[in-house]
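Taking the numbering used here, the leading residue of the sequence shown gets 1407, the next gets one more, and so forth. Below: the structure, in structure tokens.
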Amino acid sequence: MERLIKEGNEVYLAISESEDNKLFEEMGCKIIPTKVDRRGTNPIADLKLILSYIKTLKKLKPDAVLTYTIKANIYGSLACGLTKNKCISNVTGLGTSIANGGLLSKLTMTLYKAGLRKNHHTFFQNQPNYDLFKNAGIINENNSSIIPGSGVNLTYHCAEEYPDENSPIRIVFVSRVMRDKGSFELFDAAKIIKEKYPDVIFDVIGPLEEDVDPEYIKELDEKGIIKYHGSQNDIHPYVKQGWANILPSYHEGIANVLLEGSACARPVLATRVTGCKETYIEGETGIGFNVKDVDDLVRALEQFIEMPYEDKVEMGRKGRKFVEENYDRNIVIEAYYDKIFDR
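Here is the structure:
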């Protein structure tokens, strides 16, 4: 968006109203308030969303439409197909509706097939997700490709000096706080770790989703199991003071928070699942553990805590180099430019 605006293009965002939109307006974007219920399954509400997209597209007649997240990908691409607009979608991950299987998964894949089949191009962030959609006949090699996640701004997320050896070890969790992000496994592991290593601090940054009781988070915070910082527009200060970034997620597209942590020269602690395992090299830039496995998560945390200080620093340094070589945001921007302007 920044590059498009700098080069004199007009950028419109069809997104829900939020105080955060001021950031986009200051950047130069024009906001089109669009009510999107991310988790809702009301067909009438979804029909209204499609109609609002169609109305917007007919009014603006854009040169290209960029969509991401499940609902925008499905209904945005459907609207583009009906209005004959160039649509470029980004499948950032399977999401709970597909990952959990069942009837909702089949319905979501059917809707994806209806929407993406007329797309100008569809980006994927990892090979297994790409293969799933290709094998389902939703996309083909001519109108789809894989990009390295959302990429990392290596200038903003610069390599930071590692925390002082005598300061408390801080493990940083940046995510929506919800079951599928492995939040409850992390909290259970933190209770065990705090018994053995009382000085270790677990920083938790992100909004609480519906499946998390705010009172439970408050209780954990008051007991000193975690330090909950709520939602933050700028996570860099937290990553900078942290010793490692952790994400016990069940599924991801590509976990950008882990890449941003590595860009700051911080080791990664993450599950060995698609979308997480691509963000680190086992034993070199991070430590992996089994998904939904509190015992293995505790093992990984203890392994990291017991590592010599110099090894932690070196792991962070290697992580920075890994991200520089594989996940520079400019790679993603150029891929988008190729499709937007048919270069």
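Just so it is clear, CB atoms sit at the ideal spot from N, CA and C, and this is done for glycine as well. Small disclaimer: the values here were computed from a predicted structure and weren't measured.
query: Which whole runs of the alpha helix (DSSP H) in the region 1694-1734 are 4 residues long or more, in chain order?
result: 1700-1712 and 1715-1732
query: Where does I1411 land, buried or exposed, given buried means 16+ other C-beta within 10 angstroms?
result: The residue labelled residue 1411 in the question sits at position 5 within the sequence shown. Counting Cβ neighbours within 10 Å, I1411 comes out exposed, since fewer than 16 surround it.
query: Does A1542 have its Cβ less than 8 Å from a Cβ in chain B?
result: The question asks about chain B, but that chain is absent: this structure has only one protein chain.
query: Using the C-alpha atoms, what's the distance from V1583 back to P1613?
result: The sequence position of residue 1613 within the sequence shown is 207, counting from 1. The sequence position of residue 1583 within the sequence shown is 177, counting from 1. When rounded, the distance between both Cα atoms is 6 Å.
query: Straight-line CA distance for Y1603 to D1619?
result: The residue given as residue 1603 occupies position 197 in the sequence shown. The residue given as residue 1619 occupies position 213 in the sequence shown. Roughly 26 Å between the two C-alpha positions.
- request: Could you spell out the range, first to last residue, of the alpha helix (DSSP H) harbouring S1551?
  value: Reading the sequence shown from its first residue, position 145 is the one you call residue 1551. Run containing S1551: none in the alpha helix (DSSP H); it sits in the beta strand (DSSP E), S1550 to I1552.
- prompt: Relative to the alpha-carbon of V1645, which residue among R1705, L1703, I1577 and K1683 has its alpha-carbon at the smallest distance?
  reply: Position 239 of the sequence shown holds residue 1645. The option with the nearest alpha carbon to V1645 is I1577.
A1669 versus N1732 - alpha carbon distance: If you number the sequence shown from 1, residue 1669 lands on position 263. If you number the sequence shown from 1, residue 1732 lands on position 326. Distance between the alpha carbons of A1669 and N1732 is about 11 Å.
message: In whole angstroms, give me the CA-to-CA distance for F1728 and G1555.
response: As a working note, residue 1728 is residue 322 in the sequence shown. As a working note, residue 1555 is residue 149 in the sequence shown. So the alpha carbons of these two residues sit roughly 14 Å apart.
- prompt: Does DSSP put K1465 in a helix, a strand or coil?
  reply: Counting from 1 along the sequence shown, the entry for residue 1465 is found at position 59. Correct three-state label for K1465: helix.
task: State the CB to CB distance for the pair N1491 and L1463, rounded to an integer number of angstroms; the pair is presumed to be in contact (CB under 8 Å).
output: Here residue 1491 is taken as the residue at index 85 of the sequence shown, counted from 1. Here residue 1463 is taken as the residue at index 57 of the sequence shown, counted from 1. 5 Å between Cβ atoms; contact.
- request: Decide if Y1568 is buried, meaning its Cβ has at least 16 other Cβ atoms within 10 Å, or exposed.
  value: Position 162 of the sequence shown, counting from 1, holds the residue named residue 1568. It counts as buried.
query: How big is the Cα-Cα spacing for I1687 and D1627?
result: For the purposes of this step, residue 1687 is taken as residue 281 along the sequence shown, with counting starting at 1. For the purposes of this step, residue 1627 is taken as residue 221 along the sequence shown, with counting starting at 1. Approximately 32 Å between the Cα atoms of the pair.
- request: Kindly indicate which three-state DSSP category C1493 falls into: helix, strand or coil?
  value: The sequence position of residue 1493 within the sequence shown is 87, counting from 1. Three-state DSSP puts C1493 in a strand.
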